[in-house]
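**Student:**
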Amino acid sequence: MSEVNQELMDINHRFVESMSALMNDFNDIGSDKNKSIRDSFKNFKENKGFETGSVFIDQKTKFEQFEYAMFNFMFAIFERDITELSKLAVKQNPKIRKKYLSLFSEYDQRRTQENNKSIRNAEYEIASDEERLKIQIDYFEEVCRFKMSQPYIWQFLADIPDDIFWLDKKLKFEFNEIKERRNLLTHRSDKFDTKYINQLLQNTKTSKNSENPKEIIKEYFSRGLYGEKNRKCDDLKNIVGSSVSIGYMYFVMSWTKLVSLYHIIEIYMFKGEGDFTASLMFECIKLGIKTKVPYFFINNYVFCKFSLSLNKEISNTEAFDYMKANFLLTCVEEEKMIQYYNEKPNQKKIERKIRPDEKEFFEYFSSHNNPLYNFVAAVYKRDFENFETILNKIPDNSLQQSAKDWVLFNDLKEDENLLNLLQTKIKK
């Protein structure tokens, strides 16, 4: 494996691991803290005392600070790794490097026009090509800020078509809203202010690539994303002075938006090298199972669609087989989640939407010569009767130690005999 590919895999692995750990921590710690707050509030209502009221307010304030810290950390992870990803693309991709160097040249000219020292000094001129590139990349953040704002700079460098990058007409507003909420919490206050409103509206005007921000703002209010007490509002002026609300659904929505944005930039910059999409889909399946939140499953269908459409010529590699397998496992787990909600009292019954690629992927794995992929097909079809037969075809001591935790084998957890059989397939 080349040094560049290894570096790419390291960046992607760090991003997926960090974002997954963050979401798991927010879900686990947040659930406990929410329960503690609800118990304190119940105690306050029943006892109506100063002490019980103080306990409730103290716990609520601490939980808000926890949410702020986790939200800011999430954006920091995204900025750190999208920056490292972009720098690597400048080093590795000649087309991206050419685009970046044109911006670098403009930036240096502007510096000299403003009576600052040129980066291209005598030391720069005698440097080797490799040393020059390092100097050029060292100024990456400054060069990008000089020319265009996020997320446009990434679209420009990766040469992502408008109809792909802006397929989600809410992206411009939602990304800028996340960024401005983060800037507010990091640099100014935990109360919404006029600068937050002005910056957000200035960066999200209606265009062919963006839905009318007024309509998205109304949706944010109605969903409680500007706080429960503001649900009936429709004008951002009403939130000035209100406490910033993060909340569980806003955090999940922001997480999925940033992960999706990273994914599309990564596959356009590196054309599907490595197994990034497959590993990202695997983490999203686990999060969807744990949280029962559909965002994680829906994201997986989009990840798969983009990766396959961009890389049709290499869509039969092992990494893409893993991606297709995770696609079918997403279908299975989404169906389980829907059944879980349909069993709730007074729940309006819903049905899972059948995805266009399901039949093709199922037939591909059904006829595959690898029994592990045959098992994927059996799990998708809920063909429990053939589980044992297919497992017996898998060579003994051939699977990784982590196999016992694979989503693929979730259905075996209720059958001790099948679990014991699986254990013989795992390396000792």
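In the working numbering, the protein residues as written are 23 to 450.
Yeah, the Cβ is synthetic: ideal placement off N, Cα and C, and Gly gets one too.
The model shown is predicted, which means the values in this text are computed figures rather than measured ones.
Under the rule that 16 or more other beta-carbon atoms within 10 Å means buried, what is Val372, buried or exposed?
**Tutor:** Reading the sequence as shown, one finds Ile at residue 372 and not Val. When all chains shown are included, Ile372 counts as exposed.
**Student:** For Ile287, does the count of other Cβ atoms within 10 angstroms reach 16, so buried, or fall short, so exposed?
**Tutor:** Per the 10 Å Cβ criterion, buried.
**Student:** From Ile186 to Ser331, what distance separates their C-alpha atoms?
**Tutor:** Spanning the two alpha carbons is a distance of roughly 11 Å.
**Student:** DSSP three-state label for Ser124, please.
**Tutor:** Three-state DSSP puts Ser124 in a helix.
**Student:** Is it true that the CB of Val38 sits closer than 7 Å to the CB of Leu309?
**Tutor:** No.
**Student:** What is the DSSP secondary structure of Lys213, reduced to helix, strand or coil?
**Tutor:** Note: Lys213 maps to strand in three-state DSSP.
**Student:** In whole angstroms, what is the alpha-carbon distance linking Asn419 and Lys449?
**Tutor:** Approximately 4 Å between the Cα atoms of the pair.
**Student:** Count the other CB atoms within 10 Å of the CB of Tyr323; is the residue buried (16 or more) or exposed (fewer)?
**Tutor:** Buried: at least 16 other Cβ atoms inside 10 Å.
**Student:** Relative to the C-alpha of Ile159, which residue among Lys121, Gln135, Ile311, Glu382 is closest?
**Tutor:** Among Lys121, Gln135, Ile311, Glu382, the Cα nearest to that of Ile159 is on Lys121.
**Student:** With a CB to CB cut of under 8 Å and the five nearest residues on each side skipped, what residues in its chain are close to Leu207?
**Tutor:** Result list for Leu207: Tyr90, Phe93, Asn94, Val266, in chain order.
**Student:** Would you mind reading off the limits of the alpha helix (DSSP H) that contains Asn348?
**Tutor:** 340–364 is the extent of the alpha helix (DSSP H) around Asn348.
**Student:** Out of curiosity, what's the CA-to-CA distance linking Leu421 and Asn442?
**Tutor:** Between Leu421 and Asn442, the C-alpha separation is close to 14 Å.
**Student:** Taking all protein chains shown into account, do 16 or more other C-beta atoms lie within 10 angstroms of the C-beta of Met271, making it buried, or fewer, making it exposed?
**Tutor:** The residue is exposed, with fewer than 16 neighbouring Cβ atoms inside 10 Å.
**Student:** What is the residue span of the alpha helix (DSSP H) that Arg374 lies within?
**Tutor:** No alpha helix (DSSP H) contains Arg374, which DSSP labels as neither H nor E.
**Student:** Report the CB separation of Phe195 from Ser232 in whole angstroms; it is logged as a contact under 8 Å.
**Tutor:** Confirmed, Cβ separation roughly 7 Å.
**Student:** Are the region 387–397 and the region 410–419 touching by the rule of at least three beta carbon pairs closer than 8 Å?
**Tutor:** Contact between the region 387–397 and the region 410–419 is present, because at least three Cβ pairs lie under 8 Å.
**Student:** Please confirm if the region 101–112 is in contact with the region 173–186, defined as three or more CB-CB distances below 8 Å between the two stretches.
**Tutor:** Result yes; three or more Cβ-Cβ pairs closer than 8 Å.
**Student:** Apply the 10 Å Cβ neighbour rule to Leu430 and answer buried if 16 or more other Cβ atoms are within range, or exposed otherwise.
**Tutor:** So Leu430 ends up on the buried side.
**Student:** By Cβ distance, which residues of its chain are closer than 7 Å to Cys353, with the 5 residues on each side in sequence left out?
**Tutor:** Once the five neighbours on either side are set aside, the close Cβ partners of Cys353 are Arg377, Glu380, Tyr402.
**Student:** Expressed to the nearest angstrom, what Euclidean distance is found between the alpha-carbon atoms of Phe126 and Leu444?
**Tutor:** Their backbone Cα atoms lie some 56 Å apart in a straight line.
**Student:** What are the partner residues of Ser229, as DSSP defines its beta bridges?
**Tutor:** For Ser229, which the question treats as bridged, DSSP gives the partners Ser232.
**Student:** Near Asn225, which residues of its chain fall below 6 Å by C-beta distance, leaving aside the five closest residues on each side in sequence?
**Tutor:** Only Asn198 meet the Cβ criterion.
**Student:** Mapping the DSSP letters down to three states, classify Asn264 as helix, strand or coil.
**Tutor:** Position check: residue 264 holds Ser in this sequence, whereas Asn was assumed. Ser264: coil per DSSP, three-state reduction.
**Student:** Decide if Asn391 is buried, meaning its Cβ has at least 16 other Cβ atoms within 10 Å, or exposed.
**Tutor:** With fewer than 16 Cβ atoms within 10 Å of its Cβ, Asn391 is classed as exposed.
**Student:** So, under 8 Å CB-CB, Ile311 and Thr299 are touching, yes? Tell me the CB distance rounded to an integer number of Å.
**Tutor:** Not really, about 19 Å apart at Cβ, beyond 8 Å.
**Student:** Work out the CA separation of Tyr386 and Lys346 for me, nearest whole Å.
**Tutor:** Rounded to the nearest angstrom, the two C-alpha atoms are 9 Å apart.
**Student:** In the DSSP output, what is Leu440 paired with across the bridge?
**Tutor:** According to DSSP, which records beta bridges pairwise, Leu440 is partnered with nothing at all.
**Student:** In whole angstroms, what is the alpha-carbon distance linking Ile239 and Gly269?
**Tutor:** Each residue's alpha carbon lies about 17 Å from the other.
**Student:** Below 8 Å on the Cβ atoms is my contact criterion, and I expect Arg167 with Asp103 to pass it. Report the Cβ-Cβ distance as a whole number of Å.
**Tutor:** Not confirmed; about 18 Å, so no contact.
**Student:** Less than 8 Å between the CB atoms is what I'm expecting for Ser264 and Phe214, so what's the real figure, rounded?
**Tutor:** Contact holds; Cβ gap of about 5 Å.
**Student:** Based on the DSSP secondary-structure assignment, which residues constitute the bridge partners of Leu421?
**Tutor:** DSSP, once it has assigned bridges, lists Ile448 as partnering Leu421.
**Student:** What whole-angstrom Cβ distance do Leu280 and Phe48 have, given they're in contact under 8 Å?
**Tutor:** Incorrect: roughly 13 Å between the Cβ atoms, too far for contact.
**Student:** Compare the C-alpha of Ile307 against each of Glu357, Asn348, Phe342 and name the closest.
**Tutor:** If we check each option's Cα against that of Ile307, Asn348 comes out closest.
**Student:** With C-beta atoms as the reference, is Tyr248 less than 7 Å away from Thr278?
**Tutor:** In this structure, Thr278 does not lie closer than 7 Å to Tyr248 by Cβ.
**Student:** Can you tell which of Thr228, Tyr284, Asn234 has its C-alpha closest to the C-alpha of Met96?
**Tutor:** Met96 has its Cα closest to that of Tyr284, out of Thr228, Tyr284, Asn234.
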